[in-house]
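So the sequence shown is numbered by our numbering: it starts at 2 and just counts up by one.
Have a look at the structure below before the remarks.
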Amino acid sequence: KAHRAGISHRGLADHVFRVHVTAGGARQLWVLGWEAGDVASSDLARRVDQAQLLTVTALLAGVERAIAVAVDVLPAEDLRAVGSLLQSPAMPGRTREQLRAQRGQTDLLAELRQALVERFPQAEVEPQQLARVSARTVISALLTAVALMIVLTSFNLSEVTEALKASRWYWALASFGFGLVGVLGAALILIAFAPVKIGLGKAWVSQLAAGYVAVSVPAGIGTAGLNLRFLAKRGVAGTLATATAALIQVSQITMTVLTLVALTLATGSNQSAGFRVSPTILIVAAVLAGIIGVLFTIPQPRAWILGKILPTLRQTWPRLVELVSNPGRLVLGLGGNLLMLLGYALAFSAALWAFGRDLPFASSSIAYLIGNSAGSAAPTPGGMGAIEAAELAALGAAGINAGVAASVVVVFRVATFWIRIPLGWLAYRWLERHNDL
């Protein structure tokens, strides 16, 4: 009844239920603890309620009876979707304690997911990415704030204002258009690497939707999570979808590094002379290289680093072997990567042209790749602050005035990141309505 009224509870543990016996012997169920609930709640919030109710029923009455009751009272479509939310972060604190207390005997959530699959073979049981507010979330928010403060205090506002007044707005529009070309490249990568057939239109819309997801998670993670969900909705098994999403990420990183190296070699000494590498940058690079070398000589850090890298390689290797046996898909994937890099490099150059700055394309591409790669490594949502600071530094090294460089970065990020958030939201909602997410 609450769900039909658009209300979710968000805390369905055993202690919120009470049975009242009236004077005539009738039994009435009361559900308490609505103070943490939501009105006008989302579908996700209501599915979380269903997952919590299924879990607490299984704790009290067993998995078999819980599934039987759920099948009687819930639509099959809801039950097929609830399996991915049967995980500890989705449960209230009391239920998590009860699950931990019985963990030595059985993994109740795993049993529930298995029972759902047996009853509904098409049920989605690959856990969605859920997390409660944690120290990592707080640190990420603080890093975002610090990075934005660094960006905002690193240039003269009057210089930026003057540069914006003198800008050529049509190149700013071109920067936005070139960014959409980059989205097309990302769509081609998804089509090439996906184990199922995906139309170009839906693939492009899905990558546009990633612009909305990216605002809440570190750079790259949002796109990977969205690709994973998009593939799962097409019936791709969880492990295969994860391997595909990982392969897309690895291919993009690899192509970025190779393109950066190729451009650096191609520019030669004349064009690269425009980049003034200060002794400080060289010292920092040497120190970082030394730290990495020392870490690999110590068993514990080496084991931790390899533990992060090797699982990804094990996931992606079978998919890579399969792609190598299909040259057409491999060429399409490599072409998509190059088109994506070219689109964003042109968008960055167009932002430069908007302010009358005409760096050689290879040099501006290097500035973009260095700035974007360095900034994307920061654990801030969408790389906010970190990418801007890194691109400012790269343009400064190329000899661009600080005020103009700040204006260029602002136009580029607005055209390829900020303006895409509302567009991404529209794309995300469209995919949800068509049951693609």
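We treat Cβ as the ideally placed atom computed from N, Cα and C, and that holds for glycine.
*Three-state secondary structure assigned by DSSP to H21*: strand
*With a cut-off of 8 Å on the beta carbons, I'd call L109 and L61 a contact; round off their distance for me.*
Not a contact, Cβ separation roughly 11 Å.
_For V32, the residue or residues it bridges with in DSSP_ = F18
*Buried or exposed for P423, please, with buried defined as at least 16 other CB atoms from any protein chain shown within 10 angstroms of its CB.*
exposed
_For S350, the three-state DSSP class (helix, strand or coil)_ = helix
*Cross-strand partners of D39 (DSSP beta bridge)*: S9
_Just verifying my parser: in three-state terms, what is the DSSP assignment at S141?_
Note on S141: pLDDT 49, under 50, position unreliable in the model; the coordinate value appears next. In this structure, S141 counts as helix in the three-state DSSP scheme.
*In angstroms with no decimal places, state the Cα-to-Cα distance between A233 and A242.*
6 Å
*How about F194 and I254: are their beta carbons less than 8 Å apart?*
no
_Just to confirm, is the Cβ distance from L54 to L113 under 8 Å?_
no
*asked:* Classify L396: buried if its beta carbon has 16 or more other beta carbons within 10 angstroms, exposed otherwise.
replied: buried
*Within 10 angstroms of its Cβ, does V262 collect 16 or more other Cβ (buried), or is it exposed?*
exposed
*asked:* In whole angstroms, give me the CA-to-CA distance for A375 and A403.
replied: 19 Å
*From Q51, S85 and L87, pick the residue whose C-alpha is nearest to that of A71; which is it?*
Q51
_Quick check on K203: does DSSP put it in helix, strand or coil?_
helix
*asked:* Alpha carbons only, please: which of Y429, L189 and R169 is nearest the one belonging to L333?
replied: L189
*Measure the CB-CB distance between A351 and S85 and report whether it falls below 8 Å.*
no
_Euclidean distance between Cα positions of F413 and R11_ = 40 Å
_Comparing C-alpha positions only, which one of N228, E36, L201 and A173 sits nearest to I420?_
A173
*Give the secondary structure of A188 by DSSP, where H, G and I count as helix, E and B as strand, and everything else as coil.*
helix
*asked:* Just to confirm my understanding: we take K2, look at its own chain, exclude 5 residues before and 5 after, and list those with CB closer than 6 Å. What are they?
replied: none
*Do A416 and G183 have their CB atoms nearer than 8 Å?*
no
*Would you report the Cα separation of G25 and V74, rounded to the nearest angstrom?*
27 Å
*asked:* So, for R95: in the same chain, excluding its five sequence neighbours on each side, which residues have a beta-carbon less than 8 Å away from its beta-carbon?
replied: A14, D15 and H16
*Confirm, please, whether the CB-CB distance from G372 to A210 is below 8 Å.*
no
_If I measure Cβ to Cβ from W205 and keep anything under 8 Å in the same chain, skipping five residues before and after, which residues do I get?_
V184, L185 and A188
*When you compare each of L343, A102 and I68 to L87 by their alpha carbons, which one comes out closest?*
I68
*Counting along the chain, where does the alpha helix (DSSP H) carrying R358 start and finish?*
First-last for R358: undefined, no H or E at that position.
*May I have the straight-line CA-CA distance separating H435 from V49, to the nearest angstrom?*
21 Å
*Pull up the distance between the alpha-carbon of L339 and that of W354, whole angstroms please.*
22 Å
*Return the chain-ordered list of same chain residues with a C-beta closer than 7 Å to the C-beta of G1, the five sequence neighbours on each side being excluded.*
Given a span of 2 to 438 for the chain in the structure shown, any question on residue 1 remains unanswerable.
_Boundaries (first-last residue) of the alpha helix (DSSP H) holding V64_ = V64 to V74
*Excluding sequence positions up to five away, which residues of its chain have a Cβ less than 8 Å from the Cβ of V64?*
L109, E112, L113 and A116
*asked:* Please classify W170 as buried or exposed, where buried requires at least 16 neighbouring CB atoms within 10 angstroms.
replied: exposed
*Would the beta-carbon of L80 fall within 8 Å of that of M92?*
no
*Limits of the unbroken alpha helix (DSSP H) element including D79*: A77 to V83
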